[in-house]
Amino acid sequence: MSSKTEKNLAYAFAAESKASARNSAFALRARHDGYPQIECLFRAIAEAESVHARRYLNFIRGKIGTTEQNLEAAFNNEIKANVEEYPKLIKDAADDGIKTVEEAFTQSRDVESRHAELYKKAMTDMLSKRQTTYYVCQVCGYVSEDEAPDNCPICGAVRVKFKLVE
Ligand SMILES: [Fe+2]
Ligand SMILES: [Fe+2]
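193 is the number that the working numbering gives the last residue of the sequence shown; the numbers go up by one with no jumps.
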């Protein structure tokens with residue numbers, strides 16, 4: 028594949044991923060503003076942009092491997108975010124004196140190590156085929172196994188802020 032197209036696939040993947048996240052945020056705002064039909068539209072198009080993103084990712088060499096390889100890649104990405112990427116972002120936010128963003132980056136950094144832990148566990152559990160449900164904190168992204176905690180250990184959000192993924 029020509030390198031121009033490879034670059035464009037990477038660009039399209041990133042752009043579609045962003046569009047999906049943006050539309051999901053717009054959907055939540057529409058719900059908050061009392062427009063359930065508009066919420067539904069934003070969610071549908073967010074889903075569609077995800078379809079695009081996945082489609083392009085599939086063309087990018089080496090990005091999707093076997094499940095064992097993907098667990099390892101996902102684990103490594105979380106560690107990198109925790110150890111290298113977020114610390115830089117946290118420092119810049121602190122330098123700029125923007126406390127709210129510094130706190131958000133700090134919580135994300137802490138949540139990433141939790142994500143890494145879950146991937147690590149899954150690498151072993153794949154063998155035992157353990158069935159687990161997950162609850163995701165809608166404020167900070169902390170993931171809890173089997174049940175939602177009374178309060179999020181990272182951001183303190185109450186139980187109703189957790190969304191079930193099964
Ligand atoms: Fe993560
Ligand atoms: Fe949280």
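Where a beta carbon is used, it is the ideal one built from N, C-alpha and C, also for glycine. No experiment lies behind these values; they were computed from the predicted model shown.
Residue of 104, 60, 116 and 39 minimising C-alpha distance to residue 17: Because the chain spans 28 through 193 in this model, residue 17 falls outside it and cannot be assessed.
Alpha-carbon spacing of residue 149 relative to residue 137, whole angstroms: Within the sequence shown, the letter at position 122 stands for residue 149. Within the sequence shown, the letter at position 110 stands for residue 137. C-alpha separation (whole angstroms): 19 Å.
Cβ-Cβ distance between residue 191 and residue 160 below 8 Å: Residue 191 sits at position 164 when you count from the first residue of the sequence shown. Residue 160 sits at position 133 when you count from the first residue of the sequence shown. Yes, they are a contact pair.
Three-state class that DSSP yields for residue 193 in the structure shown: Looking up residue 193 in the sequence shown gives position 166. Three-state DSSP puts residue 193 in coil, outside helix and strand.
Outcome for residue 30 when other beta-carbon atoms lying within 10 angstroms are tallied against a minimum of 16: In the sequence shown, counting from the first residue as 1, residue 30 sits at position 3. Label assigned to residue 30: exposed.
Proximity of residue 143 and residue 109 at Cβ, strictly below 8 Å: Taking the first residue of the sequence shown as position 1, residue 143 is located at position 116. Taking the first residue of the sequence shown as position 1, residue 109 is located at position 82. It is a contact, given that the beta carbons lie within the stated cut-off.
Distance between beta carbons of residue 67 and residue 134, contact taken as under 8 Å: Counting from one through the sequence shown, the residue named residue 134 turns up at place 107. Counting from one through the sequence shown, the residue named residue 67 turns up at place 40. So it is not a contact: roughly 30 Å between Cβ atoms.
Buried or exposed (CB count within 10 angstroms, at least 16 for buried), residue 103: One-based indexing of the sequence shown puts residue 103 at position 76. Exposed is the call here.
Top-ranked residue by Cα proximity to residue 194, from 85, 129 and 153: The chain is shown only over 28 to 193; residue 194 falls outside these bounds and no answer can be derived.
Complete runs of the alpha helix (DSSP H) confined to the stretch 86-156 [at least 4 residues]: 94-107, 113-122 and 126-155
Distance, residue 41 Cα to residue 50 Cα: In the sequence shown, residue 50 corresponds to position 23, counting from 1. In the sequence shown, residue 41 corresponds to position 14, counting from 1. Each residue's alpha carbon lies about 14 Å from the other.
Start and end residues, alpha helix (DSSP H) containing residue 171: If you number the sequence shown from 1, residue 171 lands on position 144. From DSSP, residue 171 is part of no alpha helix (DSSP H) but of the beta strand (DSSP E) over 170-172.
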